[in-house]
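Q: In our numbering, the protein residues as written are 161 to 572.
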Amino acid sequence: MGVRRALLCHLSSPLPAPLSLLLLDFRRIVNEAVREAFEHGFTARGSLVPFAQRVARDYRINFHHARRATELALSLDRGHRRQIRQGVSSTLPYVRRPLLIATDDSFHLDPVSGKLRLSLRSGEWTSVLLPLSDYHRRVLAEPRVAVKEVHVSPTRVSVVVEKGVPEPYSPTSVLALDTNESSLDGVMVAPTGTEPVTVPFPEVRVVQQRHHDRRRRLSRKKAHDRRVARRLLGREGRKEHERIVQRLHRVSKAVVEVARTQRAAIVLERLGHFPVRRRVSRATRRRLSSWPRRELHRQLFYKSEERGVPVVLVDPRNTSRTCPRCGVIQGRRRRVGAWFACEGCGWTLDRQINAGANLARTVLAETRELGGLRVDLDALLEDAVRPLYLSESIRRARAERRGRETENAYEE
Ligand SMILES: [Zn+2]
Numbered sequence: 161m162g163v164r165r166a167l168l169c170h171l172s173s174p175l176p177a178p179l180s181l182l183l184l185d186f187r188r189i190v191n192e193a194v195r196e197a198f199e200h201g202f203t204a205r206g207s208l209v210p211f212a213q214r215v216a217r218d219y220r221i222n223f224h225h226a227r228r229a230t231e232l233a234l235s236l237d238r239g240h241r242r243q244i245r246q247g248v249s250s251t252l253p254y255v256r257r258p259l260l261i262a263t264d265d266s267f268h269l270d271p272v273s274g275k276l277r278l279s280l281r282s283g284e285w286t287s288v289l290l291p292l293s294d295y296h297r298r299v300l301a302e303p304r305v306a307v308k309e310v311h312v313s314p315t316r317v318s319v320v321v322e323k324g325v326p327e328p329y330s331p332t333s334v335l336a337l338d339t340n341e342s343s344l345d346g347v348m349v350a351p352t353g354t355e356p357v358t359v360p361f362p363e364v365r366v367v368q369q370r371h372h373d374r375r376r377r378l379s380r381k382k383a384h385d386r387r388v389a390r391r392l393l394g395r396e397g398r399k400e401h402e403r404i405v406q407r408l409h410r411v412s413k414a415v416v417e418v419a420r421t422q423r424a425a426i427v428l429e430r431l432g433h434f435p436v437r438r439r440v441s442r443a444t445r446r447r448l449s450s451w452p453r454r455e456l457h458r459q460l461f462y463k464s465e466e467r468g469v470p471v472v473l474v475d476p477r478n479t480s481r482t483c484p485r486c487g488v489i490q491g492r493r494r495r496v497g498a499w500f501a502c503e504g505c506g507w508t509l510d511r512q513i514n515a516g517a518n519l520a521r522t523v524l525a526e527t528r529e530l531g532g533l534r535v536d537l538d539a540l541l542e543d544a545v546r547p548l549y550l551s552e553s554i555r556r557a558r559a560e561r562r563g564r565e566t567e568n569a570y571e572e
């Protein structure tokens, strides 16, 4: 198994005639197979193999193309059946655009020149030159990357590559992070000691707020024209999404890189249903129920997998209410403020770092492999919190502050 990615190439010239015909045949076979499968109630991949053999002969095309067409038909059929089951009215799927999905036993792609050679039928080939970009070439040249399929349409070809993932290493330290609204916070526990760490991403909240305000303004201004309003709001939503995802990518990349260089396991809380308390204001509810934490975790999972970094998920219950020193769980009412203060032993710590420390303690208690490690609580009191990632805006703010300080120093 591995991670799949698609590389898209827009064609500058029309497809050669034999390939255009193959696309039309492929579409026709898919549509015939959809009907065949539905009429006979076929759902298994193997059930349409005799059908694929027959059409490959009738249409005089490579059997692999015919079989891939029947597999596509089965998946279209599955969606159709599901909709019927759910009581949604649905007509039998029909593919209108010519297309071809070729599997790796029916084509060859030269990763340097971009020449794609496709089998039409036994002994007969056709070829297309794909305009590969430098990025495409770089991906194709990476170790453990294999080209799995090409999806051909009259105007573009997308090359599906699969990257094999390395075995996760056995960790020698733990990077436990509690996920908050505009930062990840927690501890790095290594054989050399424990250190409080943070990964701030304040811009995400700023971007969200800005787009929210803009959307509100837009919908008020365009209240008389719902069609225009919907289009503009949709565009705003997409832009916001892209801006946030792009920022989260930088954050997740940095975290995985830190973990990899320290051979650490990343520990996160398992995000389940995120309860939003009733008594908070509507604005707060909107802020808290936002999706970026889930997106951030998704990115952390797949980037870790690609780089062989182990990830451990922990049940988050009580992590923000437990005292890591004496183990007392606080009452719900006391769960306010930026600081955690224990009623039992007087332990106080930044609430978010404290939650991260509890995640680390849970994992270290459960994993024998990491037996030698322990969370050194006293170190958390002494050390300054180390940021694992500095975004552009934070870096700029720091530089300014330092600038002012030096000015003052000169005055004195
Ligand atoms: Zn305590």
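Note that CB positions come from ideal geometry on N, CA and C, so glycine has one too.
Indicate, with yes or no, if ligand 1 has a heavy atom lying under 7 Å from the CB of R485.
A: Here the question's residue 485 lines up with position 325 in the sequence shown. R485: yes, Cβ under 7 Å from ligand 1.
Q: Please return the same chain residues whose Cβ sits closer than 7 Å to the Cβ of L167, not counting the five positions on each side in sequence.
A: On the sequence shown, residue 167 is found 7 positions in, with the first residue counted as 1. So the qualifying residues of the chain are H296, V299, S318, V319, V321.
Q: Who are I244's beta bridge partners in DSSP?
A: Taking the first residue of the sequence shown as 1, we reach residue 244 at position 84. For I244, which the question treats as bridged, DSSP gives no partner whatsoever.
Q: Any heavy atom of ligand 1 closer than 7 Å to the beta-carbon of W499?
A: To locate residue 499, count along the sequence shown from 1; it is residue 339. W499: no, Cβ never under 7 Å from ligand 1.
Q: At a cut of 8 Å, does the segment 178-186 reach the segment 210-228 through at least three beta carbon pairs?
A: These segments touch.
Q: Can you tell which of H268, R195, E302, Q213 has the C-alpha that lies nearest to the C-alpha of A233?
A: Here residue 233 is taken as the residue at index 73 of the sequence shown, counted from 1. The shortest Cα separation from A233 among H268, R195, E302, Q213 belongs to R195.
Q: Please classify V252 as buried or exposed, where buried requires at least 16 neighbouring CB atoms within 10 angstroms.
A: Here residue 252 is taken as the residue at index 92 of the sequence shown, counted from 1. The amino acid at residue 252 is misidentified as Val; the sequence shows Leu. Under this definition L252 is an exposed residue.
Q: Confirm, please, whether the CB-CB distance from V357 to V427 is below 8 Å.
A: Numbered from its first residue, the sequence shown carries residue 427 at position 267. Numbered from its first residue, the sequence shown carries residue 357 at position 197. For V427 and V357, no; Cβs fall outside 8 Å.
Q: Is the segment 359-369 touching the segment 496-511 in the sense that three or more CB pairs, one from each, lie closer than 8 Å?
A: Judged by Cβ distances under 8 Å, the segment 496-511 makes no contact with the segment 359-369, as fewer than three pairs qualify.
Q: For L524, which residues in the same chain have their Cβ closer than 6 Å to its Cβ, ignoring the five residues on either side in sequence?
A: Residue numbering aside, residue 524 sits at position 364 when the sequence shown is read from its first letter. Once the five neighbours on either side are set aside, the close Cβ partners of L524 are L530, L533.
Q: How long is the line joining the alpha carbons of E466 and R430, rounded to whole angstroms?
A: Within the sequence shown, numbered from 1, the residue matching residue 466 stands at position 306. Within the sequence shown, numbered from 1, the residue matching residue 430 stands at position 270. Cα to Cα, the separation comes out at about 20 Å.
Q: Kindly indicate which three-state DSSP category A204 falls into: helix, strand or coil?
A: Residue 204 sits at position 44 when you count from the first residue of the sequence shown. Three-state result, A204: coil.
Q: Does E503 pass the burial test, meaning 16 or more other C-beta atoms within 10 Å, or should it be called exposed?
A: Working through the sequence shown from its first residue, we reach residue 503 at position 343. When all chains shown are included, E503 counts as exposed.
Q: I'd like to know whether the C-beta atoms of A197 and V349 end up nearer to each other than 8 Å.
A: Residue 197 sits at position 37 when you count from the first residue of the sequence shown. Residue 349 sits at position 189 when you count from the first residue of the sequence shown. Not closer than 8 Å, so no.
Q: Can we count G504 as close to ligand 1, meaning its CB is less than 7 Å from some heavy atom?
A: Here residue 504 refers to the residue found at position 344 when the sequence shown is read from its first residue. Within the cutoff, so yes.
Q: Tell me where the beta strand (DSSP E) around G152 begins and ends.
A: Given that the chain is displayed from residue 161 to residue 572, the structure contains no residue 152 and the question cannot be resolved.
Q: When the Cα of R165 is compared with those of K463, A544, A539, A226, which residue comes out closest?
A: By one-based count along the sequence shown, residue 165 stands at place 5. Of the candidates K463, A544, A539, A226, the one whose C-alpha sits nearest the C-alpha of R165 is K463.
Q: Since L456 is in the alpha helix (DSSP H), which residue starts that stretch and which ends it?
A: Within the sequence shown, numbered from 1, the residue matching residue 456 stands at position 296. Unbroken alpha helix (DSSP H) run through L456: 452-467.
Q: Just mark R511 as buried or exposed, buried being the case when its beta carbon has 16 or more other beta carbons within 10 Å.
A: As a position in the sequence shown, residue 511 is number 351, starting the count at 1. So R511 counts as buried.
Q: Tell me whether W451 counts as near ligand 1, meaning its Cβ is closer than 7 Å to at least one heavy atom of that ligand.
A: The sequence position of residue 451 within the sequence shown is 291, counting from 1. Not under cutoff, so the answer is no.
Q: Step through the CB atoms of chain D and report whether any lies within less than 8 Å of the CB of R534.
A: You won't find chain D in this structure, because it holds only one protein chain.
Q: Which one of G516, E542, N478 has the shortest CA to CA distance from V347?
A: Here the question's residue 347 lines up with position 187 in the sequence shown. Measuring from the Cα of V347, the nearest candidate turns out to be G516.
Q: Sort P452, N340, V163, V312 by Cα distance to T479 and report the nearest one.
A: As a first step, residue 479 is located in the sequence shown; it is residue number 319 there, counting from the start. It is N340.
Q: Please name the residue or residues paired with P326 in a DSSP beta bridge.
A: Mapped onto the sequence shown, residue 326 falls at position 166. Beta-bridge pairing links P326 to no other residue.
Q: Keeping to the same chain, check which residues put their C-beta closer than 8 Å to that of A177; ignore five residues upstream and five downstream.
A: Translated into positions along the sequence shown, residue 177 becomes position 17. Excluding residues within five positions, none has a Cβ falling inside 8 Å.
Q: Would you kindly work out how many angstroms separate the C-alpha atoms of R277 and L171, rounded to a whole number?
A: By one-based count along the sequence shown, residue 277 stands at place 117. By one-based count along the sequence shown, residue 171 stands at place 11. Near 15 Å, if we compare the C-alpha coordinates of L171 and R277.
Q: CB of V535 to nearest heavy atom of ligand 1: below 7 Å?
A: On the sequence shown, position 375 is the one that residue 535 refers to. No; taking the cut-off as 7 Å, the Cβ of V535 has no heavy atom of ligand 1 nearer than that.
Q: Can you tell me where the beta strand (DSSP E) with S333 in it begins and where it stops?
A: Walking along the sequence shown from the start, residue 333 turns up at place 173. Run containing S333: 333-339, per the beta strand (DSSP E) assignment.
Q: Report back the beta-carbon spacing between A323 and E302 to the nearest angstrom; my notes put them in contact at under 8 Å.
A: Counting from one through the sequence shown, the residue named residue 323 turns up at place 163. Counting from one through the sequence shown, the residue named residue 302 turns up at place 142. For clarity, residue 323 is Lys in the given sequence; the question names Ala instead. Confirmed, Cβ separation roughly 7 Å.
Q: If you draw a straight line from the alpha carbon of L344 to that of T527, how long is it in whole angstroms?
A: Within the sequence shown, numbered from 1, the residue matching residue 344 stands at position 184. Within the sequence shown, numbered from 1, the residue matching residue 527 stands at position 367. Roughly 23 Å between the two C-alpha positions.
Q: Using C-beta distances below 8 Å, list every residue in its chain close to R375, excluding the 5 sequence neighbours before and after it, in chain order.
A: Within the sequence shown, residue 375 is the residue found at index 215, counting from 1. If we look at R375 and ignore the five residues flanking it on each side, its Cβ neighbours are L393, E396, G397.
Q: Quick one: is P291 buried, meaning 16 or more other Cβ sit within 10 Å of its Cβ, or exposed?
A: In the sequence shown, counting from the first residue as 1, residue 291 sits at position 131. Under this definition P291 is an exposed residue.
Q: Mapping the DSSP letters down to three states, classify S180 as helix, strand or coil.
A: Residue numbering aside, residue 180 sits at position 20 when the sequence shown is read from its first letter. Three-state DSSP puts S180 in a helix.
Q: Please determine if the segment 534-553 and the segment 409-423 are in contact, where contact requires at least 3 C-beta pairs separated by less than 8 Å.
A: The segment 534-553, when compared against the segment 409-423, does touch it at the 8 Å Cβ threshold.
Q: I'd like the ranges of any alpha helix (DSSP H) spanning at least 4 consecutive residues and lying wholly in the segment 250-322.
A: For the segment 250-322, whole alpha helix (DSSP H) runs of length 4 or above, ordered along the chain, are 294-301.
Q: Any heavy atom of ligand 1 inside 7 Å of the beta-carbon of V488?
A: Walking along the sequence shown from the start, residue 488 turns up at place 328. For ligand 1, at least one heavy atom lies less than 7 Å from the Cβ of V488.
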